[in-house]
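Following numbering that gives the first Met the number 0, the numbering of the sequence shown begins with 0 at its first residue and continues without gaps.
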Amino acid sequence: MTRDAAISRVTDYYEAGTFQSDLADLVTYRSESQNDAPDARSECLRYLKEAMLPRLIALGFACEIIDNPDPRGGPLLIGERVEGDDLPTVLTYGHGDAVLGQEGMWREGLSPWEIVEEGDRLYGRGTADNKGQHLINIAALEAVVAERGHLGFNTRIVLEMSEEVGSVGLPEVFKTYKDRLTADVLIASDGPRLQPEVPTMFMGSRGGTTFDLVVETHEGAHHSGNWGGLLSDPAMILAHALASITDVRGQIKVPEWRPDSLTDSVRAALKDLPVSGGQGPDVNPDWGEEDLTPAERVFGWNSFTVLAMVSGVPDAPVNAISGWARATCQLRYVVGTEPEDVVPALRRHLDAHGFQNVEIRCHDRGFFAATRLDPEHPWAQFVGNSIRETSGDLHVLPNLAGSLPNDSFTDILEVPTIWVPHSYRGCSQHAPNEHVLKPVCRDALRVMAGVFWDVGEKGGPSA
Numbered sequence: 000m001t002r003d004a005a006i007s008r009v010t011d012y013y014e015a016g017t018f019q020s021d022l023a024d025l026v027t028y029r030s031e032s033q034n035d036a037p038d039a040r041s042e043c044l045r046y047l048k049e050a051m052l053p054r055l056i057a058l059g060f061a062c063e064i065i066d067n068p069d070p071r072g073g074p075l076l077i078g079e080r081v082e083g084d085d086l087p088t089v090l091t092y093g094h095g096d097a098v099l100g101q102e103g104m105w106r107e108g109l110s111p112w113e114i115v116e117e118g119d120r121l122y123g124r125g126t127a128d129n130k131g132q133h134l135i136n137i138a139a140l141e142a143v144v145a146e147r148g149h150l151g152f153n154t155r156i157v158l159e160m161s162e163e164v165g166s167v168g169l170p171e172v173f174k175t176y177k178d179r180l181t182a183d184v185l186i187a188s189d190g191p192r193l194q195p196e197v198p199t200m201f202m203g204s205r206g207g208t209t210f211d212l213v214v215e216t217h218e219g220a221h222h223s224g225n226w227g228g229l230l231s232d233p234a235m236i237l238a239h240a241l242a243s244i245t246d247v248r249g250q251i252k253v254p255e256w257r258p259d260s261l262t263d264s265v266r267a268a269l270k271d272l273p274v275s276g277g278q279g280p281d282v283n284p285d286w287g288e289e290d291l292t293p294a295e296r297v298f299g300w301n302s303f304t305v306l307a308m309v310s311g312v313p314d315a316p317v318n319a320i321s322g323w324a325r326a327t328c329q330l331r332y333v334v335g336t337e338p339e340d341v342v343p344a345l346r347r348h349l350d351a352h353g354f355q356n357v358e359i360r361c362h363d364r365g366f367f368a369a370t371r372l373d374p375e376h377p378w379a380q381f382v383g384n385s386i387r388e389t390s391g392d393l394h395v396l397p398n399l400a401g402s403l404p405n406d407s408f409t410d411i412l413e414v415p416t417i418w419v420p421h422s423y424r425g426c427s428q429h430a431p432n433e434h435v436l437k438p439v440c441r442d443a444l445r446v447m448a449g450v451f452w453d454v455g456e457k458g459g460p461s462a
């Protein structure tokens with residue numbers, strides 16, 4: 000019964016093809032939380048009942064599937080495996096829901112609901128976000144139990160089916176079931192590694208708020224010759240409004256959106272982190288805050304993005320002045336930005352620049368608040384040292400550049416949060432052709448088996 004033997008077990012699980020076949024089974028569930036159709040809702044429940052519940056029960060968890068208190072959200076599974084009152088408790092998390100499959104938009108030969116292997120890639124919706132990631136962690140727990148006969152710690156699990164719609168209902172569930180979910184630490188996985196070949200650990204995430212900017216100037220569309228110069232152009236007004244939010248290189252001009260939390264300690268943590276590579280697009284060094292490094296821009300600062308914009312009928316334009324224009328926008332923000340003031344601050348900014356006729360329509364979904372844990376926290380040091388022992392190297396982030404429901408864990412359950420992502424930045428999550436890299440999955444299985452073995456053997460940082 001050794002650490003190396005547990006890692007060898009989980010490596011055999013991968014090498015035998017069992018991990019790939021297990022992931023292939025999970026991908027067949029069309030668990031689209033953004034799809035309001037009844038069959039999509041039932042598929043989310045089926046994922047928990049058929050794919051997760053039997054496996055967790057076999058691992059020794061006592062589980063319960065509960066209804067989401069928010070009618071917009073899907074069901075949740077909470078489970079507990081108790082070995083002793085004097086042992087540390089580790090909480091883990093995953094989400095089985097995925098974004099829309101986007102059938103017909105994938106490259107020829109690929110399908111969102113079927114695993115396709117090409118070289119080092121496994122394609123399929125949810126492979127990276129997040130089915131593959133929580134499968135890796137469950138398999139690592141199984142390997143430790145198989146080798147040691149027990150974990151050496153208590154563990155609790157939450158699996159939700161609403162993360163891709165803002166984790167609606169999750170805060171209410173945490174408040175209701177707080178006594179059943181308290182733990183010494185959260186160790187979970189979501190998001191990408193900075194570089195595929197080096198594990199990443201982060202302790203928080205940027206927040207995110209999504210909204211539409213809408214200009215409606217007149218009823219219907221009118222001839223651009225007969226009415227040109229007489230009717231205001233909503234697309235032009237909207238373009239100027241958007242241009243007032245940032246300058247030409249994307250530097251934010253809304254005062255309240257410029258954070259003051261990029262401290263010397265955060266700068267030091269970000270100093271040597273890579274942001275390029277990983278088979279993704281090239282980083283533009285001339286975009287974003289001019290006085291910041293690329294790592295500081297994405298992990299230590301706020302970013303404003305126009306996700307989509309439309310006026311008239313772009314696919315079939317006619318000689319007419321449209322009566323409306325709309326842009327879907329998003330602010331990703333770090334600690335130090337007041338989430339409740341994001342939209343009011345924008346309203347004040349637009350009004351001050353003469354854009355009172357630009358309406359802000361907030362999206363009907365939850366938002367994630369920004370969170371951050373000190374990299375010197377004892378649990379961060381403990382998990383980081385374990386990962387280095389297995390893999391030899393590690394990138395440590397104060398927070399993820401993306402967003403996830405970390406605030407529910409930190410603010411409601413009051414646990415320190417450690418995230419060890421198993422994807423990479425070029426994985427095409429939320430887009431056609433989503434995939435994971437097989438070498439990353441293999442390494443992640445080994446890393447997590449080492450982490451869980453060490454928690455059971457050493458009892459955590461304070462034992």
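Glycine included, C-beta positions come from ideal geometry on N, C-alpha and C.
- T245 has I251 as its beta-bridge partners, per DSSP.
- For W323, DSSP records a beta bridge to E215.
- Distance check between P377 and each of G459, D453 and I411 places G459 closest, using alpha-carbon atoms only.
- Counting only runs of at least 3 residues, the segment 266 to 318 fully encloses the following beta strand (DSSP E) elements, listed from N- to C-terminal order: 302 to 309.
- Residue range L52 to A57 is occupied by the alpha helix (DSSP H) that includes I56.
- Per DSSP, A351 is not a residue of any beta strand (DSSP E); the alpha helix (DSSP H) it occupies stretches across V341 to A351.
- Secondary structure at N384: helix, using DSSP grouped into helix, strand and coil.
- With 16 or more other Cβ atoms inside 10 Å of its own Cβ, C426 counts as buried.
- A distance of 8 Å or more separates the beta carbons of F451 and A182.
- Listed in chain order, the non-local C-beta contacts of Q33 below 7 Å within the same chain comprise V98, L99, E163 and V164, local neighbours out to five positions each way being set aside.
- Sequence-distant partners of A294 (beyond 5 residues in either direction) whose C-beta falls short of 6 Å from its own C-beta, in its chain, are L269, L272 and V274.
- Using a Cβ distance threshold of 8 Å, G287 and Q329 do not count as a contacting pair.
- In terms of CA proximity to V317, H221 leads the group S402, H221, G299 and L291.
- Within the segment 131 to 186, the complete beta strand (DSSP E) runs of at least 3 residues fall at 153 to 159.
- Here the segment 136 to 152 does not lie against the segment 101 to 116, with fewer than 3 beta-carbon pairs under 8 Å apart.
- Taking a 10 Å sphere around the C-beta of A57, we find fewer than 16 other C-beta atoms and assign the residue as exposed.
- Taking the C-beta atoms as reference points, P338 is found no nearer than 8 Å to G449.
- The continuous alpha helix (DSSP H) containing L22 extends over residues T17 to V26.
- Taking the CA atoms as reference points, Y46 sits about 11 Å from E31.
- Within 10 angstroms of the beta-carbon of W226 lie fewer than 16 other beta-carbons, which makes it exposed.
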